[in-house]
Amino acid sequence: MTHFIAVTGSGPSQRGQDLFGVLNTGGLFEEKRAFVVEGADQLGPFPEGALDGLLRSGKSTVCLLVFEKDIAPGLNSLPEGSFSVRRPAKVPFWSRDRLQWLEREESLVVDEGGKQILALLDGLCQGDTSSVLRALSCLRRREEPLKITSALHKRMRIAMYLYRASPPISQAVESALEVKPYQGRLARKAVSIYPKSAIRDFVMAMARESAAGKSGLGRGWYGLELEILRLLSTLQDK
Numbered sequence: 734m735t736h737f738i739a740v741t742g743s744g745p746s747q748r749g750q751d752l753f754g755v756l757n758t759g760g761l762f763e764e765k766r767a768f769v770v771e772g773a774d775q776l777g778p779f780p781e782g783a784l785d786g787l788l789r790s791g792k793s794t795v796c797l798l799v800f801e802k803d804i805a806p807g808l809n810s811l812p813e814g815s816f817s818v819r820r821p822a823k824v825p826f827w828s829r830d831r832l833q834w835l836e837r838e839e840s841l842v843v844d845e846g847g848k849q850i851l852a853l854l855d856g857l858c859q860g861d862t863s864s865v866l867r868a869l870s871c872l873r874r875r876e877e878p879l880k881i882t883s884a885l886h887k888r889m890r891i892a893m894y895l896y897r898a899s900p901p902i903s904q905a906v907e908s909a910l911e912v913k914p915y916q917g918r919l920a921r922k923a924v925s926i927y928p929k930s931a932i933r934d935f936v937m938a939m940a941r942e943s944a945a946g947k948s949g950l951g952r953g954w955y956g957l958e959l960e961i962l963r964l965l966s967t968l969q970d971k
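Residue numbers (the numbering used here): 734 to 971.
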């Protein structure tokens, strides 16, 4: 059955990415075919029943509907599960906000596990206990603890080195560790809410857990969560 993809507010680059994505799915020897409908805003209700005969298509065919504004209500007449909607990301208007948005997008990993790792790192730096616990609950089912330990060590090590450091030293540290501005801001936030000794102890604990995990002697998720909760318990404003 033909699958319909509605693209809203899309320029040529967005449209091309969507088309490239749908044409690179399926098996190696599977025939792929795509139809692009420009000005889909003018479409009325779709005819009832299967449309494969109308488009001379098969299960590997995609119909890309390009809407400049709102999606036409006629899509509601399509069979359930036969269409999806892709909306462009909302880019902030102001230049500074756009830069921060781009930095955060660069930090995101495509898969859900990567997003949850980022949520864990940011939540820990901000002292957001609920965000940390939600991320941990998801990551337990998706990732190995050694991967999380490494990411936590890398992020909090930045905070440890930046703790009460002078501007010249901070710049030298960020340059040596290739710290991105977004990572630096979150590390400074951690510096402002955790005691220096707590950050130092956490970084050392992550280093020990990493070494033990690689040799098969690590405490796994139990040890990782214990150290995270220990750090959260030292929040200076709670």
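Yeah, the Cβ is synthetic: ideal placement off N, Cα and C, and Gly gets one too.
For residue i, the first and last residue of its enclosing beta strand (DSSP E)
i, result
"Leu798", "Thr794 to Phe800"
Delimiting residues of the alpha helix (DSSP H) encompassing residue i
i, result
"Ser870", "Thr862 to Arg873"
"Gly956", "Gly953 to Leu965"
"Ser899", "Ser899 -> no alpha helix (DSSP H), and no H or E assigned at all."
"Lys947", "Lys929 to Lys947"
"Gly917", "Pro914 to Ile926"
"Leu895", "Pro878 to Leu895"
8 Å contact criterion, which residue i and residue j should meet: CB distance rounded
i, j, result
"Gly860", "Ile891", "Incorrect: roughly 16 Å between the Cβ atoms, too far for contact."
"Leu895", "Val906", "6 Å"
"Met958", "Leu869", "Correcting the residue type first, residue 958 is Glu in the shown sequence and not Met. Between Leu869 and Glu958 the Cβ distance is about 6 Å, and since that is below 8 Å, they are a contact."
"Val936", "Met893", "5 Å"
"Gly946", "Pro878", "7 Å"
"Glu771", "Val795", "Not confirmed; about 15 Å, so no contact."
"Ala923", "Cys858", "4 Å"
Cβ-based burial, residue i [other Cβ within 10 Å; buried from 16]
i, result
"Gln904", "exposed"
"Ala944", "exposed"
"Glu960", "buried"
"Pro901", "exposed"
"Ala773", "buried"
"Gln849", "buried"
"Arg875", "exposed"
"Pro914", "exposed"
"Arg963", "exposed"
"Leu968", "exposed"
"Tyr927", "buried"
"Asp855", "buried"
"Arg888", "buried"
"Ala909", "exposed"
"Thr758", "Here Thr758 scores only 45 on pLDDT, less than 50, and its place in the model should not be relied on; the value that follows carries that caveat. It counts as exposed."
"Arg897", "exposed"
Residue i CB to nearest heavy atom of the ligand NAD below 8 Å
i, result
"Ala898", "No copy of the ligand NAD occurs in the structure displayed, which carries no ligand at all."
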